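Visitor: After the structure tokens below, expect a handful of questions from me.
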Amino acid sequence: RSLYVYQYTHPGAKLNFMGNEFAPYTEWRHYEELEWFMLKYPGHKSMQDFVRELNHFYLENSALWEDDRSWEGFSWVMADDDENSVFAYIRRNADQSEEILCVLNFTPKSFPGYKLVMPGEGSWRLALDSDAERFGGSSYLEGDASCHLLQTNKVLVKEHKAKTAEKYPEQGAVEAGRVKEQAFTESKNQDHYWELDIKLPPLSGLIYIKENKD
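Numbering-wise (my numbering), the sequence shown opens with residue 9 and increments by one.
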């Protein structure tokens, strides 16, 4: 499911063979009927339900397909967390009126508070959770209403440097500099940056839509 979220939200055309939507045991064979009997099993049926909903979400949100060939339609939020295998990026439509945040966790580890440095202030509404129980997931976020609408927090650089230096005396300056560089790439603010605190399920793909102020 996480891989499907990555495929559908990343720029580029999509290609899937028949039957992949319900996770068959064997690869697609042009000379045989699909293994429809697998839909009797909850795991395969929930996978089909997930892909169906993902298909509809993709078609209904132009930010995922309208600008596939330029950096105006895509920007990284987290691209270098090799320790945790977490990736995050934002997709935008042609006139920049719609923004979608995609967060991917490719490990079985959950994160009760994963922090992302965002390009600016805003509220983000959870639109799709691959870890939901109805899709065969662990339902890590379900029952926690605070996870469904997130607001960025303003972080002062001076405070961040002090806390980082206290926690990592030897690496504080390096870590603070890395976060500062990432935050200021787009924001250009020299005294603060915007941070989003996300509760991240294991082996999951989360899709958030930015709420318009008006």
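Virtual Cβ for every residue (Gly too), placed ideally from N, Cα, C.
This one's a predicted model, so the numbers in the text were calculated from it and none came from an experiment.
Would the beta-carbon of Phe30 fall within 8 Å of that of Leu11?
Guide: No; because the gap between Cβ atoms is not below 8 Å, this pair is not in contact.
Visitor: For a test of your reading of the model: does the CB of Met126 fall under 7 Å from any non-hydrogen atom of the ligand NAP? Yes or no.
Guide: Judged by which ligands are present, the structure shown has none, so any question about the ligand NAP falls away.
Visitor: Give the single residue among Val94, Arg100 and Leu67 whose Cα lies nearest to the Cα of Phe82.
Guide: Comparing Cα positions, the closest option is Arg100.
Visitor: Rounded to a whole number of angstroms, what is the C-alpha to C-alpha distance between Thr115 and Phe95?
Guide: Spanning the two alpha carbons is a distance of roughly 11 Å.
Visitor: Counting only the same chain and skipping the five closest in sequence on each side, list residues whose C-beta sits under 6 Å from that of Leu134.
Guide: Taken in chain order, the residues that qualify are His156 and Tyr216.
Visitor: State the start and end residues of the unbroken beta strand (DSSP E) segment that holds Arg60.
Guide: Note, Arg60: premise wrong, no beta strand (DSSP E); alpha helix (DSSP H) at Pro50 to Glu68.
Visitor: Here's a check: name, in chain order, each residue in its chain whose Cβ is nearer than 7 Å to the Cβ of Ser105, leaving out the five neighbours to either side.
Guide: Around Ser105: no qualifying Cβ.
Visitor: Using the beta-carbon count (16 or more within 10 Å), is Asp75 buried or exposed?
Guide: Classification for Asp75: buried.
Visitor: Report the option in Leu112, Asp103 and Asp137 whose CA atom is closest to the CA atom of Asp88.
Guide: The shortest Cα separation from Asp88 among Leu112, Asp103 and Asp137 belongs to Leu112.
Visitor: Verify the CB distance criterion: does Asn24 have a CB-CB separation below 8 Å to chain D?
Guide: The structure shown contains no chain D, having only a single protein chain.
Visitor: Helix, strand or coil for Trp79? Go by DSSP, reduced to three states.
Guide: If DSSP states are grouped into helix, strand and coil, Trp79 belongs with coil.
Visitor: In whole angstroms, what separates the C-alpha of Asp199 from that of Leu164?
Guide: Their backbone Cα atoms lie some 6 Å apart in a straight line.
Visitor: Is Leu208 helix, strand or coil when you go by DSSP?
Guide: Strand at Leu208.
Visitor: Whole angstroms is fine: what's the gap from Leu149's alpha carbon to Gly121's?
Guide: Computed Cα separation, rounded: 12 Å.
Visitor: Pop quiz: Tyr16 and Tyr66 are said to be a contact at Cβ under 8 Å. What is the actual Cβ separation, rounded to whole angstroms?
Guide: With 8 Å as the limit, Tyr16 and Tyr66 qualify as a contact, their Cβ atoms being about 5 Å apart.
Visitor: Between Thr34, Lys218, Val13 and His38, which lies nearest to Gly130 when the distance is taken from Cα to Cα?
Guide: Answer by Cα proximity: Lys218.
Visitor: Just verifying my parser: in three-state terms, what is the DSSP assignment at Glu129?
Guide: DSSP places Glu129 in coil when its eight states are reduced to three.
Visitor: Whole angstroms is fine: what's the gap from Asp152's alpha carbon to Ser146's?
Guide: Going by the C-alpha atoms only, they are around 13 Å apart.
Visitor: Taking C-beta to C-beta, are Ser118 and Gly213 nearer than 8 Å?
Guide: Taking 8 Å as the Cβ cut-off, Ser118 and Gly213 do not qualify as a contacting pair.
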